[in-house]
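Asker:
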DNA sequence: GCCGTTTTCGGCCCGACTGTTTTCAGTCG
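Numbering (this note's numbering), first residue to last: 49 to 630.
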């Protein structure tokens, strides 16, 4: 589990993403040129590199590029050229050959490589601008293979990406999921309803929603589905598969299946696509073929199983893989070797860290928050109101700190759960904290976060954070990337160094469940875990209503392969207190 | 271009829906 040998992890390195993007564009171009099979190869390589948990330059330095799955001699040579010279002659050559903005055109719904090729050849369309003009002049319906309807769809597609809705927050679609589930369940003809897709995998944002229904009357279910309230547009309607778009822009897909197909259909619909592709290949290697209709023998296509997901994985000789792990980041190999982690469940969480009150920028009192925590069945709650320089909303000051701590002691006497005193303190520009070591040691839980001067370059920001760790008064690094989903990018950090320093200085990395933060996310949790780090789950609550956010943090911990031994919140109170001593 | 518990050659995940067709190609998930 632990891999301390190589701390030089550099997640989501710009270099990695650069390489990924070029490999994917090469695949796009080759697809356009109708080169068989190569596009897949480039995409597979790109995907592996995308989920790499270290800087590809490190892999290159060790001369291990060809050990990346999907990277062989030819692609390794291309990556080498790219890393050594910053350019790739093969890529430049391909770009010249096609001379159009393939990436942009592919982003138009219903427009793929084949149509793009025709549009280019017949009308010289190179980008969306050209496309829109041709659509306006109704030039496209005249082309063979195209028609009035296609023209209409492409027009809508172009308009759609102009006002393209962002990805939706998990938290934001949660009530939509419940509403649709409730409505579908209310039908007598529906035997079973489940949500699949990236929502089911617990991703922090989702592009669309996928529902699966068991019913013997599919047509009736479809009629009901496309006439749900709030449907703005019906994108497709068939006997087993339909798609709608809600007025907020969220697309919802529905598939109706038979009971004996339910497991295989769930598996297919939960994805991820990359996981499915690998699983199907794996099935082939075992003499089976897997589709949404079930697991069949390769010869004779005899139905083997498909009623439940568990049966499919078992039949293939694999451990059951929980949806959160299905991202093709090594779960298949682990399942084959029986080495999947035992993921934490909501009942494993004994309490919550990082809660704000009226003492800084929260809406409720210490007592109200503690009582609500008790009501939720928690065993402890940690108060971490803001402490820092100007720029933070209504922070605690040194003057008010003593009365804050005394107030927390009073609250402790009034509730039946453990109440920890603490702060969320700013990490200043130079890596110091705006409060003395002595004062900090009087508190139970010190969370330190970056709030100000967030645009620092990577080396300086890394130094700033690691230096703060080395002062040895910090228990937890708050919202480590400082990102806000769809709003604000991550701060620039060398994650390998940060993880290493956190491990050495016994600083827990926060998994912050505030819906817009969801920080750290799964892939980084996994990388930090491999570097030997431990974590704390945070609500970042500023209101009573925010206390349940730890369930969202839990999603990310699960996606990051974390177990109870890795998460502070799951430990006994005495063990927590010991771990927090500085 | 990659890869191997049928393989170093000959495969490469699978099926629904739609539009333009007159039996299928393209796109999507």
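The beta carbon of each residue, even a glycine, is placed where N, CA and C say it ideally should be.
Measuring only the C-alpha atoms, how far is residue 208 from residue 155?
Answerer: Straight-line Cα distance between these residues: approximately 10 angstroms.
Asker: Less than 8 angstroms between the CB atoms is what I'm expecting for residue 509 and residue 541, so what's the real figure, rounded?
Answerer: Yes, they are in contact, since the Cβ atoms of residue 509 and residue 541 sit about 6 angstroms apart, within 8 angstroms.
Asker: Which one of 238, 546, 523 has the shortest CA to CA distance from residue 268?
Answerer: Nearest of 238, 546, 523 to residue 268, Cα basis: 238.
Asker: Can the beta-carbon of residue 263 be found closer than 7 angstroms to that of residue 304?
Answerer: Closer than 7 angstroms, so yes.
Asker: Near residue 496, what residues of its chain come up, given a Cβ to Cβ distance below 7 angstroms and the 5 sequence neighbours on each side ignored?
Answerer: Same-chain partners within the cutoff: 473, 475, 481, 516, 522, 525, 526.
Asker: From 175, 399, 337, 64, pick the residue whose C-alpha is nearest to that of residue 619; which is it?
Answerer: When each option's Cα is compared against that of residue 619, the closest is 399.
Asker: In the structure shown, what three-state DSSP assignment does residue 73 receive?
Answerer: Reduced to three states, the DSSP call for residue 73 is helix.
Asker: To which residues of the same chain is residue 75 closer than 6 angstroms at the C-beta, ignoring the five residues directly before and after it?
Answerer: Cβ within range, chain order: 87, 90, 91.
Asker: If you drop the 5 nearest sequence neighbours on each side, which residues of the same chain put their C-beta closer than 6 angstroms to that of residue 72?
Answerer: 94, listed in sequence order.
Asker: Helix, strand or coil for residue 54? Go by DSSP, reduced to three states.
Answerer: Only weak support exists for where residue 54 lies, its pLDDT of 33 falling under 50; the coordinates are left without a value.
Asker: Whose CA, out of 69, 408, 334, 287, lies closest to the CA of residue 151?
Answerer: Comparing Cα positions, the closest option is 69.
Asker: Leaving aside the five residues before and after residue 327 along the sequence, list all residues of the same chain whose C-beta is less than 6 angstroms from its C-beta, in chain order.
Answerer: Cβ neighbours of residue 327 beyond the five flanking positions: none.
Asker: What does a CB cutoff of less than 6 angstroms around residue 576 pick up in its chain, not counting 5 residues either side in sequence?
Answerer: Excluding sequence neighbours, residue 576 sits near 547, 557.
Asker: Once the 5 residues before and after residue 191 are set aside, which same chain residues still bring their CB inside 7 angstroms of it?
Answerer: Around residue 191: 166, 170.
Asker: Exposed or buried, what is residue 287 when buried is set at 16 or more other beta-carbons lying within 10 Å of its beta-carbon?
Answerer: Classification of residue 287: exposed, given that the 10 Å Cβ count is below 16.
Asker: With distances taken Cα to Cα, identify the nearest neighbour of residue 218 among 106, 195, 376, 256.
Answerer: The shortest Cα separation from residue 218 among 106, 195, 376, 256 belongs to 256.
Asker: Name, in chain order, the residues that DSSP records as bridge partners for residue 299.
Answerer: In DSSP, residue 299 forms a bridge with 256, 293.
Asker: Under DSSP, the beta strand (DSSP E) around residue 614 begins and ends at which residues?
Answerer: Unbroken run through residue 614: none, as it is neither H nor E.
Asker: Which parts of the stretch 432-508 are runs of the beta strand (DSSP E), unbroken and 3 residues or longer, counting only runs that do not cross its ends?
Answerer: Segments of the beta strand (DSSP E) lying fully in the stretch 432-508: 433-435, 466-468, 470-474, 493-497.
Asker: If residue 409 sits next to residue 434, beta carbons under 8 angstroms apart, how far is it from one beta carbon to the other, in whole angstroms?
Answerer: Rounded, the Cβ-Cβ distance is 6 angstroms, consistent with contact.
Asker: Note down the Cα distance separating residue 381 from residue 602, rounded to an integer number of angstroms.
Answerer: Whole-angstrom Cα-Cα distance: 24 angstroms.
Asker: When the Cβ atoms of the stretch 267-284 are set against those of the stretch 577-587, are three or more pairs found closer than 8 angstroms?
Answerer: Judged by Cβ distances under 8 angstroms, the stretch 267-284 makes no contact with the stretch 577-587, as fewer than three pairs qualify.
Asker: Is residue 358 buried or exposed, if buried means 16 or more other CB atoms sit within 10 Å of its CB?
Answerer: With fewer than 16 Cβ atoms within 10 Å of its Cβ, residue 358 is classed as exposed.
Asker: Give every residue of the same chain whose Cβ lies closer than 7 angstroms to the Cβ of residue 411, excluding the five residues on either side of it in the sequence, and list them in chain order.
Answerer: Contacts found: 590, 591.
Asker: Indicate the three-state DSSP secondary structure (helix, strand or coil) for residue 244 in the structure shown.
Answerer: The answer is coil: DSSP assigns residue 244 none of H, G, I, E or B.
Asker: Three-state secondary structure (DSSP) at residue 427?
Answerer: Here residue 427 sits in coil by DSSP.
Asker: Using the C-alpha atoms, what's the distance from residue 533 back to residue 215?
Answerer: Distance between the alpha carbons of residue 215 and residue 533: 9 angstroms.
Asker: What do you reckon, are the CB atoms on residue 127 and residue 67 nearer than 7 angstroms?
Answerer: Taking 7 angstroms as the Cβ cut-off, residue 127 and residue 67 qualify as a contacting pair.
Asker: Beta-carbon within less than 6 angstroms of residue 129's beta-carbon, same chain only, minus the 5 sequence neighbours each way: which residues are those?
Answerer: Closer than 6 angstroms at Cβ, skipping near neighbours: 136.
Asker: Return helix, strand or coil for residue 618, following the three-state DSSP convention.
Answerer: If DSSP states are grouped into helix, strand and coil, residue 618 belongs with the helices.
Asker: Keeping to the same chain, check which residues put their C-beta closer than 8 angstroms to that of residue 365; ignore five residues upstream and five downstream.
Answerer: Hits under 8 angstroms: 334, 384.
Asker: Counting only runs that start and end within the stretch 106-157, where is the beta strand (DSSP E) found for 3 or more residues in a row?
Answerer: Runs of the beta strand (DSSP E) inside the stretch 106-157: none found.
Asker: Beta strand (DSSP E) containing residue 584: first to last residue?
Answerer: Per DSSP, residue 584 belongs to the beta strand (DSSP E) from 583-589.
Asker: To test your reading of the DSSP string, which unbroken beta strand (DSSP E) runs of 3 or more residues are found completely within the stretch 544-577?
Answerer: Listed in chain order, they are 556-560.
Asker: By the 10 Å Cβ neighbour count, where 16 or more other Cβ atoms means buried, how is residue 85 classified, buried or exposed?
Answerer: Answer is exposed; the Cβ neighbour count stays below 16.
Asker: Considering only residues of the same chain and omitting the five flanking positions on each side of residue 205, which have a CB-CB separation below 8 angstroms?
Answerer: The residues are 156, 157, 158, 159.
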